[in-house]
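Engineer: Residue numbers (my numbering), protein chains in the order written: chain B, 2 to 349; chain A, 15 to 248; chain V, 838 to 1177.
Dropping the structure in here first, questions after.
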Amino acid sequence: MKEEKLLKEPFLVVFKRWMMSAGGITITLAVVAAIIATIDSGPFIIVNTVVTGGMWALLSLGLSLVFGVMNIPNFAHGEFFLIGSMTAYFVFNPMRLYLNDNPSAFLSAIAPFLGIFLAFLVGALMGIIMEKLIFSPLRKRSRDQWVMNSFLLTVGISVVIINNIQLIWGANFKGIPSYWNVDPLEFLGVRLSVDRLAALLLSVITLAIFWYFMRRTQTGRAVRAVAQDETGALLVGINLNKILSLTMALSAGLAAMAGASLLFMFPAYPTAGLKPLYVAWYVVILVGLGNVSAAVIGGFIVALLQTLTSYYIGTGWEDVIPTAVIIIMLIFKPSGLFGSVVKGVHEQ
Amino acid sequence: MLEIKNINAGYGYLQVLWDVSFKISKGEFIALVGPNGAGKSTTLKTIAGLIKPKSGDIIFDGKNITGTPANLTNRMGISFVSESLNLFTNMSIYENLLLGAFIIEDKQKQLENIDFVFDLFPRLKARRNQLAGTLSGGERKMLAIARGIMSNPSLLMVDEPSLGLAPRLTLDVFDALEVLRQSGMTILLVEQNVNTTLHITDRGYVLEQGQVILEGPSRELLENDHVKKAFLGI
Amino acid sequence: MKDNAYTGTTNKISISDQITAALGSLGITPIGLLLIIVLLILPFIPPFNQEHILRWLVSAALLAAQAIAFDFTTGYINVVNFGFAAFLGLGAYTSGLLAVNLGLSPWIGIFVGAIPAALVGLLTGLLTLKLRGIFAAVMAWFIGLAMLGLTRNLVDITRGPMGLSTPTLLDTSSNRPYFYIIVAMMLFTYIVLRKVIHSRYGLAFRAIGQNMDAARASGINPTYYRVFNFTLQCLIAGWLGGFYAHYFGILTPQIMLTSRTVEVLAIAYIGGRGSLWGGAVIAFPFIFLIEGLRSNLTALPGLHLVIYGLLLVLVMIFYPGGFAEFYNKASNWVKTAMRK
């Protein structure tokens, strides 16, 4: 009934209501702030925001998805980002060195994508291993206090992954100067490196594919079905185990892909996953637990917030300002700016 | 088609069903009636595979399916419309129906089935893009039944379709079940509304305290003294 | 001890029974008393009387006390304070800065430092504990990271990563007196928290931890008790932080790292959730194992954290009761075997 009415209402009324909602206010404010900052300090603000924002979106939607579908608050999510950047480094760096001696235009164009794609695969594989090896046994044993138990498990996993990486590959930074050894593009007076442009395009394309998968395919619908009603999903013949593994694989793969795509900005080292983990959790709490589409918007908003604080207030306060913002948000709207999809933010 | 042999089942330490046995032949419309807490829902959940029985056998189409998980019983042709409906509340009616046909790969067949259930429940067709969570109680029941038949089941089990519905809507739902039965579907109906149920079904079983205490053609059950006293208030 | 009661040959209550009863009311079993006595004489027995091993013992007792406080919250109301180390650090820095800038005696500073930790804990609790448990964990973590960021960047006040030199509690280079201080603090923590657990409050905690709805239905206000519990935990964390500041004599922002919280969390869980004492008992052998590994395998930094993480995962999946459950089962088995 509600929806029908909504459709018949004039566009202005709907628009007005949206503008008055927390989500609408935030988006408007963010856009205004971005424009003012761009006029004030230059277009790099917008460029930085959009490039990192796209990747934060990939990262956060995976975290949100796993919480929504599997009810796991994943504290090892940053490690998927790290595994992605490690994989990309180990795949791409030898190729880069080889190409320095044996230039080949075709290979130079392909190599970055190869690194990023392999990172996605390795991340997805890690996700499946984690589900099969750790969550599945726990699920079979007991689902009491599932959220807290799985939270602690992911903390343990994160510690193991970080320190194993340190033991095997050492604590040094593994980075690359750039993926594409090409001059930056000039566009309306804005200089934009090809790496950044590629990262942006990659995130937009991936988000579009992901959206199509979730909305328009039966498998994607099945993932959403499991999040909304597990028994219902079983009753229509959905194989729960398959969907849970797929969810974990997608979430981990997308995080790994973000890590790989941003390797030229964030080099890989054992604790490199901490920052992305923080960002992803920040986004998810800010927009609403389990709300996957809002996590995408949230990725961009948080990227803007970070760019603005580090430029106008100075690095170091990056950790403090966002925390203050989220405290204010929790006081007024604990279910997040766009509303939580998970049943009951308040303790049941 | 379906044979239940000496099923004992329950939740954890609480046993609900004690040696329940019954039989359903192809094309029959069977009622399972009884007071609250008699174990009717538990029986259906056990057949559907949501609960593993402690002992006993469930034979479906000649195969022993005891303990088969719910997603596989659905593939074998058993569809269960639970009392809580288990709809996907943040999806549209149309998406719920598509998921009902999850085990059917053929896109064309899915669309045919959707046309069929839209004919059966025109109300759903009018609201096809509305979210399931925003539907009224009656519409939800219809959607749950519609989703249940989207997979072309050979056996449809419906738990308490009339619960909380206005009488007119209840009749709509029963009419729909009648249509399905005429199309050759085997139906197992659990109801508290004993009078109406026994008027439309072929045969019935009466469950009390986890045991089958009476069985027979529905007409005869309507005349039975115990049924009259306990359920019909005569 | 039970055998005395069974045989009942005397009407007089023996002195040993009286002691047992008195200790029991403090939550100390005869075996526990034995362990405490061993712990107290340990600093005089070789090789434990060497200074570097005494340092391990102090670290172990400090970790044990933290594990007790941590379990008080996770084990009873199912809330993980993921910023625990930062609360400890807040207490440490408060006490340290007061001593450095105002010349406040560390002996007083330790107690003063607990107050801001408790206040920040109270505010965090008020903000998040009416919501699902995961909000408290994430927000405590955020607030912890913000505090870490502040200590790193307010170099004028905290001297940041260069480290803040703080006066020590005692004018001695021996670790032995410190060991007795921290053991006393650990026992005090245990006894106080156990008293709370066995009071009306403890009943409420357990009811909330097991079933929030049922607790609310029986008239318990979950938010009140959860905030109380959380604040008390932060108070103790801040107090223990004061000891840290005036034992090591130098404070760096490292004290607030999340990996420190993970260490405490792992110890509390491997020890056994909801037992209070499990983590404390486990902390001692663990510190020795890990310090031993660390001094022998300097080439492998972080190995001890791998062990923490792996054990945490294994315990969570296969033996969620931890060491405490293992001990309880074993002692029951011994009791029944002896009765036969």
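Ideal Cβ placement from N, Cα and C applies to all residues, glycine included.
Which chain A residues are close to residue 73/B, counting only those with a beta carbon under 7 Å from its beta carbon?
Structural biologist: Near residue 73/B there are no residues of chain A at all, since even the closest Cβ is about 20 Å away, more than 7 Å.
Engineer: What are the residues that DSSP puts in a beta bridge with residue 217/A?
Structural biologist: Per DSSP, 44/A and 231/A.
Engineer: Is residue 292/B close to chain A, meaning its C-beta is less than 8 Å from at least one C-beta of that chain?
Structural biologist: Cβ-Cβ to chain A under 8 Å: no for residue 292/B.
Engineer: Tell me whether the beta-carbon of residue 973/V lies closer than 8 Å to the beta-carbon of residue 966/V.
Structural biologist: Yes; because the gap between Cβ atoms is below 8 Å, this pair is in contact.
Engineer: Buried or exposed for residue 906/V, going by 16 or more other Cβ atoms inside 10 Å?
Structural biologist: With 16 or more Cβ atoms within 10 Å of its Cβ, residue 906/V is classed as buried.
Engineer: Quick one: complete alpha helix (DSSP H) runs, 4+ long, within the stretch 865-918 of chain V?
Structural biologist: With a minimum length of 4 residues, the continuous alpha helix (DSSP H) runs that stay inside the stretch 865-918 of chain V are 867-878 and 888-914.
Engineer: Which of the three DSSP states, helix, strand or coil, is assigned to residue 61/B?
Structural biologist: The answer is helix: DSSP assigns residue 61/B an H, G or I state.
Engineer: List, in order along the chain, the chain D residues whose C-beta lies closer than 8 Å to that of residue 70/B?
Structural biologist: The structure shown contains no chain D; the protein chains it does contain are B, A and V.
Engineer: Going by other Cβ atoms of all chains shown within 10 Å of its Cβ, with 16 needed for buried, is residue 838/V buried or exposed?
Structural biologist: Summary for residue 838/V: the model assigns pLDDT 38, below 50, so the residue's position carries little reliability, and this model does not support an answer.
Engineer: Count the other CB atoms, across all protein chains shown, that sit within 10 Å of the CB of residue 1107/V; report buried if there are 16 or more and exposed otherwise.
Structural biologist: Buried is the call here.
Engineer: Give the interface partners of residue 165/B over in chain V, defined as CB-CB distance under 8 Å, in chain order.
Structural biologist: Simply 1143.
Engineer: Could you say which of 1143/V, 852/V, 858/V and 1176/V lies nearest to residue 169/B if we only look at CA atoms?
Structural biologist: Cα-wise, what sits closest to residue 169/B is 1143/V.
Engineer: Could you check if residue 124/B is buried or exposed, using at least 16 other CB atoms within 10 Å of its CB as the buried criterion?
Structural biologist: By the 10 Å Cβ count, residue 124/B comes out buried.
Engineer: By the 8 Å beta-carbon criterion, what residues does the stretch 1099-1116 of chain V contribute toward chain B?
Structural biologist: Of all residues in the stretch 1099-1116 of chain V, 1099, 1102, 1103 and 1106 have a Cβ within less than 8 Å of some Cβ in chain B.
Engineer: On the criterion of 16 or more Cβ atoms from any shown chain inside 10 Å, does residue 258/B qualify as buried, or is it exposed?
Structural biologist: So residue 258/B ends up on the buried side.
Engineer: Tell me the rounded alpha-carbon separation between residue 121/B and residue 211/B.
Structural biologist: Their backbone Cα atoms lie some 14 Å apart in a straight line.
Engineer: Can the beta-carbon of residue 193/A be found closer than 8 Å to that of residue 160/A?
Structural biologist: No, they are not a contact pair.
Engineer: Apart from the five residues just before and just after residue 269/B, which ones in its own chain have a Cβ nearer than 6 Å to its Cβ?
Structural biologist: Closer than 6 Å at the Cβ level, and outside the excluded window around residue 269/B, lie 86, 87, 90 and 175.
Engineer: Assess, as a yes-or-no matter, whether the stretch 936-945 of chain V is touched by the stretch 1058-1069 of chain V under the definition of 3 or more beta carbon pairs within less than 8 Å.
Structural biologist: The stretch 1058-1069 of chain V, when compared against the stretch 936-945 of chain V, does not touch it at the 8 Å Cβ threshold.
Engineer: I need the straight-line Cα distance from residue 163/B to residue 1104/V, nearest angstrom please.
Structural biologist: Straight-line Cα distance between these residues: approximately 19 Å.
Engineer: At least one CB of chain B closer than 8 Å to the CB of residue 209/A: is that the case?
Structural biologist: Chain B contact via Cβ: absent.
Engineer: So which residues on chain B does residue 965/V lean against when the C-beta distance must stay under 8 Å?
Structural biologist: Going along chain B in sequence order, the residues near residue 965/V (Cβ under 8 Å) are 331.
Engineer: Less than 6 Å between C-beta atoms, sequence neighbours within five positions excluded: which residues of the same chain meet that for residue 66/A?
Structural biologist: Taken in chain order, the residues that qualify are 81.
Engineer: Just grab the DSSP bridge partners of residue 1087/V for me.
Structural biologist: Paired residue(s): 1002/V.
Engineer: Taking only the alpha-carbon atoms, compute the straight-line gap between residue 1/B and residue 327/B and give it to the nearest angstrom.
Structural biologist: What is shown of chain B runs 2 to 349, which leaves residue 1/B out entirely.
Engineer: Consider the Cβ of residue 114/A: report whether some Cβ of chain B lies at a distance smaller than 8 Å.
Structural biologist: Judged by the 8 Å Cβ criterion, residue 114/A is in contact with chain B.
Engineer: Say whether chain V places a C-beta atom closer than 8 Å to the C-beta of residue 274/B.
Structural biologist: So no, residue 274/B is outside the interface.
Engineer: Cβ of residue 127/A less than 8 Å from any chain B Cβ?
Structural biologist: Chain B contact via Cβ: absent.
Engineer: From the DSSP secondary-structure annotation, give me the bridge partner or partners of residue 37/A.
Structural biologist: According to DSSP, which records beta bridges pairwise, residue 37/A is partnered with 17/A.
Engineer: Assuming residue 216/A contacts residue 42/A (C-beta within less than 8 Å), just tell me the rounded distance between them.
Structural biologist: 5 Å between Cβ atoms; contact.
Engineer: If the cut is a Cβ gap below 7 Å, which residues of chain B does residue 163/A touch?
Structural biologist: Result: empty, since nearest Cβ-Cβ is about 11 Å, beyond 7 Å.
Engineer: Report the residue from 16/B, 41/B, 12/B and 25/B whose alpha carbon sits nearest the alpha carbon of residue 312/B.
Structural biologist: For the residues 16/B, 41/B, 12/B and 25/B, the minimum Cα distance to residue 312/B belongs to 41/B.
Engineer: Can you confirm whether residue 338/B, when its beta carbon is compared against all beta carbons of chain V, has any partner nearer than 8 Å?
Structural biologist: By this cut-off, residue 338/B is not an interface position.
Engineer: Along chain V, in chain order, which residues have C-beta atoms closer than 7 Å to that of residue 335/B?
Structural biologist: Those within 7 Å of residue 335/B in chain V are 968.
Engineer: Beta carbon of residue 200/B, beta carbon of residue 61/B: below 8 Å?
Structural biologist: No.
Engineer: Could you tell me whether the stretch 1005-1025 of chain V touches the stretch 1090-1103 of chain V, using the rule of 3 or more Cβ pairs below 8 Å?
Structural biologist: In short, these stretches do not touch, since the Cβ pair count stays below three.
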